[in-house]
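Heads up, the thing below is written out as C-alpha cells.
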Amino acid sequence: MSASARAVQNASARQTLRSGGLLHIRNTFTPSSAHSAFLRRNARDLPPQLRALAVLLPRRGYSTETSTSGGPGSAFPPPGFNAEQAKKPLPLDASKKSSTSKVASDVASSITDQTTAGKTEGDVTGVAKTKAMEDRSLNEVAADKAAAANVEEKKLAESKKEQPKLSLWGKAKREAHHYWDGTKLLATEVRISTKLALKMAAGYELSRRENRQLQRTVQDLGRLVPFSVFVIVPFAELLLPVALKLFPNLLPSTYEGQTSKDKKASHLRTTRKEVSSFLRDTLKETGLPVSAVNAQKEEFTDFFRKVRATGESPTHADVVKVCKIFKDDLTLDNLSRPQLVGMTKYMNLNAFGTDMMLRYAIRHRMRQIKRDDRAISDEGVDSLSVPELQMACASRGLRTHGMSPGRLRDDLQMWLDLRLKYGVPSTLLVMSNAFMYTQGKDSEIASQIDALQAVLSSIPEELFHEIELEVHNAEGAATNKQRLEVLKEQQELIEEENEQNEETGDSSRSSPKDNENIDEEDQRRANSKAELDKGEGQANEAAEAEKDAGEVEKQEQQEKMGAKKKQ
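1 is the number of the first residue of the sequence shown in the UniProt record's numbering; add one for each residue after it.
And the structure:
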C-alpha cells in the first residue's frame, strides 16, 4: 500500500471523529466498513478523555505483496526465492520431524563423542575396559572388594568420629524416645495379637507369620512381669542397668535397641565358630574304628568300611540312607556332655544344667524347628521376608552373616529338602552345619552331604553301638554279646546322669521330664497318613464294587427286556 493511500485513510478518520465522535462511530458501525472497524477497535482501548488522540495511533498494515528490506544493497530478494511457496504455512509434521531430527542428531553426535573418547582411553592398554575387567583374576577382584570394604569401614569410622557427642540430657531424651516408641509398638502388637487369639479360638488355623507374631507377643508380655517391678518399686529403676547387664533378655523385644541386637549377633557368630571347631575335634577323638566282623548288615558295613577303614568316598545315596537310621532321639541320648554343651551353645540355648536338662532343651528346640519346617514347606520359601529368612536360617544353625537373600533361600530350601524329602534327622543336620561353619561359605548339596559324611565318620562309640544293635535287631541278626555291650554302655550313661542329679539336688525338682520324643510326631503323622490312604483305598474299592453291581443289574434288566420283546 502506497503513502498516498495511507494519507487518504487518516484524513477520512479525522473527519469522522470531528463530525460525530466516538458515540457516532459505535452507532453507525457496519461490518462492511473496514475503517469504522479500525476506529472502533482503537477507541475501545482508549480512556474517554483521550478520544481525540485516536488519530495519532499508528495503523499496522498487512501487505500481500512481496517486499524486501530497504537497506542498501538489499533491494531485491535473494536468488531462488519463491514468493508463492513462502506464503504457504509450514505443516506441523514437518516442524516436528525437523525438531526430532535435530535432537536425534545432537544425541548421536554426543554418543559418538563419548565412544571415541572411550576408545582413546581404552586404546592405551590395547584392550577395552570391559574386556580387561572380565580377564582379571579372581584374586584381584577379591582384593579390590576387600579394599573397597576397608574404605567403607574407614568412612563409617570417620563419620562416627565426626558425630558430635550427646550430652547427658540428650542421651536421656534419646532413650526416653526409644522406650516410648517401644511402648507404642508393644501396644500395637497386643492389639493385633488379640485379634489373632480370637481368630484361633474361633477355630481358624493361623499361618506361620501369624503364629510367630502371637508367640512373640506372649513372650513380651511374660517379660513385662519382672520388668514391672522396676516401675512399681520406688527408685528401683536405678538398678535397671545392672539387671539388664546380668539378664539381657529381661526387656521385651520392642524395647531392644539396634546396638544390643548387633552385639548378640556378633557374640553368636563367635560362639558358633568356637563350637564348630570344638565339635570337630571331639567327634574325631571319640570316633570308633569299625571292622567288617562287628557289623553284619551289608549297607551299614559297606558304608562304615568305606568311611573309616579304606577311606573311600561313599555315594550321596548311601550317605542319605545311613543318615535315616540315626534318629534324633537316639542321637541325642548318646552324645557326651561336651558335645551337648557345644550343641546348645551353637543353637543359642542356655548351656547350664545337667545332661538331662541340655537334652530336654535341644529336643524342645528340634520339635519347634520340625513344626516350622512343615509350615515353611507348605507356604513356600519365597513367602518369607528377608528378616524372617535370616531368623529361620539362624535358628537352624545356617550361616547368615554376609549372605545374600538368594543364597539364604537356597540354603533353607536345601535344609527342607534333606529334612522333609529325604528324611535326614535335624540333629545330624545341625551338627553338619557346625562342621561347615568354619570351612567357608559353600552351601551346595554336595558340600552338605560331605559334612554329613564327616559327622557319621566321627560319631561316638555309644551311638554307633546303639545304631548297630537296632539295625541288626531289624534283620534278626543281633547277638546277645552285642546286646550286653550296649546295655552296659547305657547303664554307664544312666549312672552318670544320676550322679549329676545328686550333685544338683533333687532330680524331680531341678530336671524337667524329658519323656517326649522328637520322632513321635513324625510317626503319628505317617500312621495317620497310612490310615487315611487305607481308608481312601477301601472307599474306592467299595465305590468300584457298587459300580460293578449296578452294571450287573443293568445288564440283567436289559436281558429281561430283550426276552420280553422276543415273546
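Each residue gets a CB set at the ideal place from its N, CA and C atoms; glycine is no exception.
Since the structure is predicted, the reported quantities are computational estimates derived from the model, not experimental observations.
Own chain, CB closer than 7 Å to residue i, minus 5 neighbours either side, in chain order
i	result
L332	R359, I362, R363, T427
M366	D328, S426, T427, I518
P405	V386, L389
residue 594	The question about residue 594 has no answer here: the residues shown for the chain are numbered 1 through 567.
I449	H316, V319
L196	L206, E210, Q213, L214
E553	none
L244	L250, L251
Environment of residue i [buried if 16+ CB atoms lie within 10 Å]
i	result
F435	buried
E189	buried
T400	buried
A86	exposed
A451	buried
S259	The displayed chain sequence assigns Thr, not Ser, to residue 259. By the 10 Å Cβ count, T259 comes out exposed.
Q215	exposed
L398	buried
D220	buried
Q558	exposed
R419	buried
L408	buried
S193	buried
L384	buried
Rounded C-alpha distance that separates residue i from residue j
i	j	result
E369	E551	First, the residue type needs correcting, since residue 369 is Ile and not Glu in the sequence shown. Those two C-alpha atoms are separated by around 53 Å.
M357	L349	11 Å
L168	L250	25 Å
E237	K263	23 Å
S277	A351	17 Å
D318	L185	51 Å
Q413	L239	46 Å
P289	Q491	Bear in mind that the predicted position of P289 carries a pLDDT of just 38, short of 50, making it unreliable; the figure below should be weighed with that in mind. Taking the straight line joining both Cα atoms gives about 23 Å.
F227	I325	47 Å
S432	L416	14 Å
Q339	Y437	16 Å
Q500	I494	10 Å
E496	V218	37 Å
V242	T270	24 Å
V381	M403	16 Å
W180	R174	10 Å
G203	A265	38 Å
L489	A176	A quick correction: the sequence has Glu, not Leu, at residue 489. Those two C-alpha atoms are separated by around 58 Å.
A201	L246	38 Å
D372	V341	24 Å
G80	K88	16 Å
L268	A172	29 Å
Option nearest residue i by Cα separation, candidates the options
i	options	result
R337	F326, G170, L349, G353	G353
V430	P405, S383, R272, N501	R272
S313	L246, K195, L456	L456
M343	V242, R396, L244	R396
A392	M347, Y422, K421, V424	M347
D355	H178, N498, T270, A265	N498
V275	K345, S266, A265	K345
R374	G423, G402, R407	G423
K421	D378, N82, D382, M403	D378
6 Å Cβ shell around residue i - same chain, five flanking residues per side excluded
i	result
L335	none
T116	Legend: pLDDT at T116 = 47, less than 50; position of this residue unreliable, value from coordinates given subsequently. So the list is empty, once near-sequence residues are dropped.
A394	T400
Q453	V319
T254	G182, L185, L186
L166	none
E556	none
Cutoff 8 Å; reference residue i; Cβ partners in own chain excluding five residues on either side
i	result
E503	none
Decide if the stretch 230 to 244 is in contact with the stretch 207 to 217; the criterion is three or more beta carbon pairs, one per stretch, under 8 Å apart. no
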